[in-house]
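Student: Dropping the structure in here first, questions after.
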Amino acid sequence: MSRPHLSDACAAVLRRDLLLAWRRRSDIAMPVLYALIVTMLFPFALGPEEGLLQRIASGVILVTMLLAMLLALDAMFASDIEDGSLEQLMLAPQPLALMLGMKIIAHWLTTALPLIVITPLLAAMLHLPAAVIPVLLLALLLVTPLISLFGAVLIALTAGTHRSGMLLALMLLPLCVPALIFAAGAVAAAQQGLPWLAPISWLAAILVLAVVLAPLACAAALRIALDS
Amino acid sequence: MANWIPLWLHRLSSPPTFYRFAGTLRPWAMGLAIALGIIGLYGGLVLAPADYQQGDAYRIIFIHVPSAWMSMFIYAVMGVSAFIALVWRIKLAEVVAMESAPIGAAFTFITLVTGSLWGKPMWGTWWTWDARLTSELVLLFLYLGVLGLYHAFEDRRQGARAAGFLAIIGIINVPIVHFSVNWWNTLHQGSTVDVFGHSKMAWDMLWPLLTVTLATKFYYAASLFRRAQTDLLDLEGGKDWVRKIAESEATR
Amino acid sequence: MTVAHAAVPLLEARALSFYRQDEPVFAPLDFQLHAGELALVEGDNGSGKTTLLRMLAGLLHVTVGELCWRGAPLRRDACTSEILFLGHQLGLKADLSPRENLRIATGLHGSRESVTAAGVLAQIGLRGYEDEPVRRLSAGQRKRAALARLLLLPGTLWLLDEPYANLDRRGIALVNQLLEAHTARDGAALVTSHGAMGFHGGEPRHIRMHA
Numbered sequence: 001m002s003r004p005h006l007s008d009a010c011a012a013v014l015r016r017d018l019l020l021a022w023r024r025r026s027d028i029a030m031p032v033l034y035a036l037i038v039t040m041l042f043p044f045a046l047g048p049e050e051g052l053l054q055r056i057a058s059g060v061i062l063v064t065m066l067l068a069m070l071l072a073l074d075a076m077f078a079s080d081i082e083d084g085s086l087e088q089l090m091l092a093p094q095p096l097a098l099m100l101g102m103k104i105i106a107h108w109l110t111t112a113l114p115l116i117v118i119t120p121l122l123a124a125m126l127h128l129p130a131a132v133i134p135v136l137l138l139a140l141l142l143v144t145p146l147i148s149l150f151g152a153v154l155i156a157l158t159a160g161t162h163r164s165g166m167l168l169a170l171m172l173l174p175l176c177v178p179a180l181i182f183a184a185g186a187v188a189a190a191q192q193g194l195p196w197l198a199p200i201s202w203l204a205a206i207l208v209l210a211v212v213l214a215p216l217a218c219a220a221a222l223r224i225a226l227d228s
Numbered sequence: 229m230a231n232w233i234p235l236w237l238h239r240l241s242s243p244p245t246f247y248r249f250a251g252t253l254r255p256w257a258m259g260l261a262i263a264l265g266i267i268g269l270y271g272g273l274v275l276a277p278a279d280y281q282q283g284d285a286y287r288i289i290f291i292h293v294p295s296a297w298m299s300m301f302i303y304a305v306m307g308v309s310a311f312i313a314l315v316w317r318i319k320l321a322e323v324v325a326m327e328s329a330p331i332g333a334a335f336t337f338i339t340l341v342t343g344s345l346w347g348k349p350m351w352g353t354w355w356t357w358d359a360r361l362t363s364e365l366v367l368l369f370l371y372l373g374v375l376g377l378y379h380a381f382e383d384r385r386q387g388a389r390a391a392g393f394l395a396i397i398g399i400i401n402v403p404i405v406h407f408s409v410n411w412w413n414t415l416h417q418g419s420t421v422d423v424f425g426h427s428k429m430a431w432d433m434l435w436p437l438l439t440v441t442l443a444t445k446f447y448y449a450a451s452l453f454r455r456a457q458t459d460l461l462d463l464e465g466g467k468d469w470v471r472k473i474a475e476s477e478a479t480r
Numbered sequence: 481m482t483v484a485h486a487a488v489p490l491l492e493a494r495a496l497s498f499y500r501q502d503e504p505v506f507a508p509l510d511f512q513l514h515a516g517e518l519a520l521v522e523g524d525n526g527s528g529k530t531t532l533l534r535m536l537a538g539l540l541h542v543t544v545g546e547l548c549w550r551g552a553p554l555r556r557d558a559c560t561s562e563i564l565f566l567g568h569q570l571g572l573k574a575d576l577s578p579r580e581n582l583r584i585a586t587g588l589h590g591s592r593e594s595v596t597a598a599g600v601l602a603q604i605g606l607r608g609y610e611d612e613p614v615r616r617l618s619a620g621q622r623k624r625a626a627l628a629r630l631l632l633l634p635g636t637l638w639l640l641d642e643p644y645a646n647l648d649r650r651g652i653a654l655v656n657q658l659l660e661a662h663t664a665r666d667g668a669a670l671v672t673s674h675g676a677m678g679f680h681g682g683e684p685r686h687i688r689m690h691a
């Protein structure tokens, strides 16, 4: 009998989720299209004046990302609960928090990363100065994992219920307020030529904390939500 | 000496004992809440002098400030009892946590409404993105999230545990939200009015404020007792002690 | 194996019960299961068979009574590597093939010595379907793919919820064959089923459940 190494188990879960996402690669495009369309609506609603769009650009992009990820979050555990794979994962002789961490990484790679990749395009649509885009990307690289981590905990809590879409929004968005504030603050500071390192460091600090705590909380939440 | 406290808590956390305990204390708590509320509001609205800057408009703080304190106090109570419920699986703690949530949400709502009523004469607008008001708004959403999650479950005890877990996450988050909103506020330089300034509040304004605060505490206790009683009867439906209470109610 | 060791039951339940909304799902249960034994859990629909299995698997919290694993109180992390659970939901990803599904399972659990995924799939009657997505398989074939997991993964106690459902006569015989081989290897199994089954490996223990 061969005991699987921890790294093998992590690789198996990560591989599985990436493979599944690849088999349904048209789903990966959905959040990206959503973000593009929502961003396109703002100039229609507010007028194409360049100064105005420039001023709201970072805020619009951040909120759009948040909403796009919110829509994609629902799928993180849904099919696994339906077909019993989540049960099997919970019963495997491996630390559940770590396995869920792998699932969260896979989810981030398949939903957030494509969104970050198209961010320069969104920024160009809203006339965001090119010099600010690196800061925006840096902020997004820190904010999107936070949303994935928070979202994973909350979606795990709603795992035992039947309605979760709106409820998830109600629970997740207040938790994301600090992340949004710091990210928008950093970009705004960069846009005004002010130092932007402080809010980015705050974001990084919150992210470090979340990376450690969120998978544990996610495992605990799943055990609560499926215990009936 | 320290030994009787856990013992007493353990006894109290048994639903029938708590039911009786709550039944005896509830009228007293409600009476005190009403009496203190009348005294405090009379002191605040009639006896206290008008503010030299804000005139009579400031008097809304006698409702606004106690509600704001209660909105946070109740969230803390909810978080602590949710923690107890999750760790020791005590049913009473679940009930206290979940029945605190609507009361806390109500206080938060009152805080927001009175805050905006106050904002109209002070800032000339119903709503301003002031740091404290914004934090309070986020707090309201946290309460609503807890309530929403609680009611999404079919099994009420499971719902209570899940929502309790969310309440604990919220407790970790509230200071971060508060800090970030403060930071954001300095960035955007909103129209923050420092109510109490740096001077000490006059005694004839302070005592009504403290009295109303005490009144809200007693009101919370009374309301929580009432709600917890109903909830316990519901949860323990089939048990003997509930049947006895039902019989004694019927014969009365 | 010494006699004293054999006398310690693999799994023992004392006055075990589960409460949902403060209502007992089934009447208190007492039973023992030794290595090499098979237990049939019997009861009507709604008598709590699935709940019992989920509780034994560690998915549900034991509310009342005691559950011992090899003589010590059952702790989830101490015994997960020895218990395999097959529920109503098979735990197969529909977009992946049986082979890919098995590879995930061995990644998490490891595998028995001298067993390969291809060999197991052939043994279970899925030769030729190894690389077909599970969504294109019939219900019975999916069940077989899930049963293949039992053969491939190391485990002492099998908890099988309705393993006979969706299977044809040959499939039922196959399940019995698997169970016989497993108990002959000193494994144990707890099986729920309301249908009769022709099990030839000695008299199974019966656990009756009442709501």
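Chains as they are written, first to last, in my numbering: chain A, 1 to 228; chain B, 229 to 480; chain C, 481 to 691.
Cβ atoms here follow ideal geometry from the backbone N, Cα and C, with glycine treated the same way.
In this text the structure is predicted, and so the values were computed from the model without any measurement.
Could you tell me if Val409 (chain B) is buried or exposed, where buried requires 16 or more neighbouring beta carbons within 10 angstroms of its beta carbon?
Tutor: Taking the second sequence and counting its residues from 1, the one referred to as residue 409 (chain B) is at position 181. Buried: at least 16 other Cβ atoms inside 10 Å.
Student: Counting contacts by CB-CB distance shorter than 7 Å, is Thr119 (chain A) in contact with chain B?
Tutor: If you number the first sequence from 1, residue 119 (chain A) lands on position 119. No, no contact with chain B.
Student: Name the DSSP bridge partner or partners of His686 (chain C)?
Tutor: On the third sequence, position 206 is the one that residue 686 (chain C) refers to. His686 (chain C) pairs with C:Leu520.
Student: Considering Cα atoms alone, identify which of A:Ala225, A:Ala217, A:Glu49 and A:Phe182 is closest to Ala204 (chain A).
Tutor: Within the first sequence, the letter at position 204 stands for residue 204 (chain A). Nearest option by C-alpha distance: A:Phe182.
Student: Kindly say whether Asp383 (chain B), judged by its beta-carbon, lies nearer than 7 Å to any beta-carbon of chain C.
Tutor: Numbered from its first residue, the second sequence carries residue 383 (chain B) at position 155. Interface residue, yes.
Student: So, is the C-beta of Leu67 (chain A) closer than 7 Å to a C-beta in chain C?
Tutor: Reading the first sequence from its first residue, position 67 is the one you call residue 67 (chain A). Not one chain C Cβ lies under 7 Å of Leu67 (chain A).
Student: Can you check which of these residues, A:Ala57, A:Ala35 and A:Ile224, is closest to Ala130 (chain A) by C-alpha distance?
Tutor: On the first sequence, residue 130 (chain A) is found 130 positions in, with the first residue counted as 1. Minimum Cα distance to Ala130 (chain A) is reached at A:Ala57.
Student: Distance check for Leu320 (chain B) and His238 (chain B), CA to CA, integer angstroms please.
Tutor: Working through the second sequence from its first residue, we reach residue 238 (chain B) at position 10. Working through the second sequence from its first residue, we reach residue 320 (chain B) at position 92. About 10 Å.
Student: Closest by CA to Thr336 (chain B), which one among B:Pro255, B:Thr245, B:Val440 and B:Ile302?
Tutor: Translated into positions along the second sequence, residue 336 (chain B) becomes position 108. With distances taken between Cα atoms, Thr336 (chain B) lies closest to B:Ile302.
Student: Are the C-beta atoms of Gln657 (chain C) and some chain B residue less than 7 Å apart?
Tutor: In the third sequence, the residue the question calls residue 657 (chain C) occupies position 177. Answer no: the Cβ-Cβ gap between Gln657 (chain C) and chain B never drops below 7 Å.
Student: Please specify which runs of the alpha helix (DSSP H), each continuous and at least 4 residues long, are wholly inside the stretch 498-575 of chain C, giving them in chain order.
Tutor: Here the runs fully enclosed are 529-537 and 556-559.
Student: Taking 6 Å as the limit between beta carbons, can you name the residues of its chain near Gly307 (chain B), skipping five residues before and five after?
Tutor: One-based indexing of the second sequence puts residue 307 (chain B) at position 79. Cβ neighbours of Gly307 (chain B) beyond the five flanking positions: Ala395, Ile396 and Ile399.
Student: Are any of the Cβ atoms in chain A nearer than 7 Å to that of Gly590 (chain C)?
Tutor: Residue mapping note: residue 590 (chain C) aligns to position 110 of the third sequence, counting from 1. So yes, Gly590 (chain C) belongs to the interface.
Student: Do Ala304 (chain B) and Ala313 (chain B) come within 7 Å of each other at the CB atom, strictly closer than that value?
Tutor: Residue 313 (chain B) sits at position 85 when you count from the first residue of the second sequence. Residue 304 (chain B) sits at position 76 when you count from the first residue of the second sequence. Contact: no.
Student: What span of residues does the beta strand (DSSP E) with Leu670 (chain C) cover, start to end?
Tutor: For the purposes of this step, residue 670 (chain C) is identified with residue 190 of the third sequence, where counting begins at 1. Its beta strand (DSSP E) spans residues Ala668 to Thr672.
Student: Which residues in chain F have a C-beta closer than 8 Å to the C-beta of Val405 (chain B)? List them in chain order.
Tutor: Structure shown: chain F not included; protein chains present are A, B and C.
Student: Name the two residues that bound the continuous beta strand (DSSP E) containing Asp459 (chain B).
Tutor: Taking the second sequence and counting its residues from 1, one reaches residue 459 (chain B) at position 231. That residue, Asp459 (chain B), is in no beta strand (DSSP E); its alpha helix (DSSP H) goes Trp431 to Leu463.
Student: Would you verify that the beta carbon of Ala537 (chain C) is, or is not, closer than 7 Å to some beta carbon of chain A?
Tutor: As a position in the third sequence, residue 537 (chain C) is number 57, starting the count at 1. Yes, contact with chain A.
Student: Considering just the uninterrupted stretch of the beta strand (DSSP E) at Asp641 (chain C), what are its terminal residues?
Tutor: In the third sequence, counting from the first residue as 1, residue 641 (chain C) sits at position 161. Per DSSP, Asp641 (chain C) belongs to the beta strand (DSSP E) from Leu637 to Asp641.
Student: List the residues of chain B that Ile181 (chain A) touches, going by C-beta distances under 8 Å, in chain order.
Tutor: Numbered from 1 along the first sequence, position 181 holds the residue referred to as residue 181 (chain A). Those within 8 Å of Ile181 (chain A) in chain B are Ser408, Val409, Trp411 and Trp412.
Student: Is the number of C-beta pairs between the stretch 99-107 of chain A and the stretch 162-179 of chain A that are closer than 8 Å three or more?
Tutor: Cβ pair count under 8 Å is below three, so no.
Student: Given this structure, state the Cα-to-Cα distance separating Leu606 (chain C) from Ala625 (chain C), to the nearest angstrom.
Tutor: Here residue 606 (chain C) refers to the residue found at position 126 of the third sequence. Here residue 625 (chain C) refers to the residue found at position 145 of the third sequence. Roughly 7 Å separates the two Cα atoms.
Student: Whose C-beta lies closer than 6 Å to the C-beta of Phe42 (chain A) among residues of the same chain, with five residues either side of it excluded?
Tutor: Numbered from 1 along the first sequence, position 42 holds the residue referred to as residue 42 (chain A). Val60, listed in sequence order.
Student: Should Ser85 (chain A) be flagged as near chain C, meaning a C-beta pair shorter than 7 Å?
Tutor: Within the first sequence, numbered from 1, the residue matching residue 85 (chain A) stands at position 85. Interface residue, yes.
Student: Smallest Cα separation from Phe506 (chain C): which of C:Cys559, C:Glu517 and C:Ser527?
Tutor: Numbered from 1 along the third sequence, position 26 holds the residue referred to as residue 506 (chain C). Residue C:Ser527 is the option with its Cα nearest to Phe506 (chain C).
Student: Determine, using beta carbons only, whether Gly268 (chain B) comes closer than 7 Å to chain A.
Tutor: Taking the first residue of the second sequence as position 1, residue 268 (chain B) is located at position 40. Not an interface residue.
Student: Rounding to the nearest angstrom, what Cα-Cα distance links Leu96 (chain A) and Pro436 (chain B) in this structure?
Tutor: In the first sequence, the residue the question calls residue 96 (chain A) occupies position 96. In the second sequence, the residue the question calls residue 436 (chain B) occupies position 208. For Leu96 (chain A) and Pro436 (chain B), the distance between alpha carbons rounds to 54 Å.
Student: Does the Cβ of Val153 (chain A) have 16 or more other Cβ atoms within 10 Å, making it buried, or fewer, making it exposed?
Tutor: Start at 1 with the first residue of the first sequence, and residue 153 (chain A) comes out as number 153. By the 10 Å Cβ count, Val153 (chain A) comes out buried.
Student: For chain B, is any of its Cβ atoms less than 7 Å away from the one on Thr144 (chain A)?
Tutor: Taking the first sequence and counting its residues from 1, the one referred to as residue 144 (chain A) is at position 144. Not an interface residue.
Student: Let me see if you follow: with CB-CB separation under 7 Å, is Pro93 (chain A) close to chain C or not?
Tutor: One-based indexing of the first sequence puts residue 93 (chain A) at position 93. At least one chain C Cβ lies under 7 Å of Pro93 (chain A).
Student: Against Leu226 (chain A), what residues of chain C qualify as contacts under a CB-to-CB distance less than 7 Å, listed in chain order?
Tutor: Along the first sequence, one-based indexing puts residue 226 (chain A) at 226. Neighbours of Leu226 (chain A) on chain C, chain order: Leu539.
Student: Can at least three beta-carbon pairs, one atom from the stretch 66-73 of chain A and one from the stretch 33-42 of chain A, be found at a separation below 8 Å?
Tutor: Yes: the two stretches touch, three or more of their Cβ pairs being nearer than 8 Å.
Student: Reducing DSSP to helix, strand and coil, say where Glu610 (chain C) ends up.
Tutor: On the third sequence, residue 610 (chain C) is found 130 positions in, with the first residue counted as 1. In this structure, Glu610 (chain C) counts as coil in the three-state DSSP scheme.
Student: Here's the rule: buried if 16 or more other CB atoms are within 10 angstroms of the residue's CB, otherwise exposed. What is Asn581 (chain C)?
Tutor: Taking the third sequence and counting its residues from 1, one reaches residue 581 (chain C) at position 101. Asn581 (chain C) comes out buried.
Student: Distance check for Ala598 (chain C) and Glu660 (chain C), CA to CA, integer angstroms please.
Tutor: For the purposes of this step, residue 660 (chain C) is taken as the residue at position 180 of the third sequence. For the purposes of this step, residue 598 (chain C) is taken as the residue at position 118 of the third sequence. Spanning the two alpha carbons is a distance of roughly 22 Å.
Student: Do you know whose CA, among B:Asp468, B:Met350 and B:Arg471, lies nearest Gln281 (chain B)'s CA?
Tutor: Locating residue 281 (chain B) in the second sequence gives position 53, counting from the first residue. The residue with the shortest Cα to Cα distance from Gln281 (chain B) is B:Met350.
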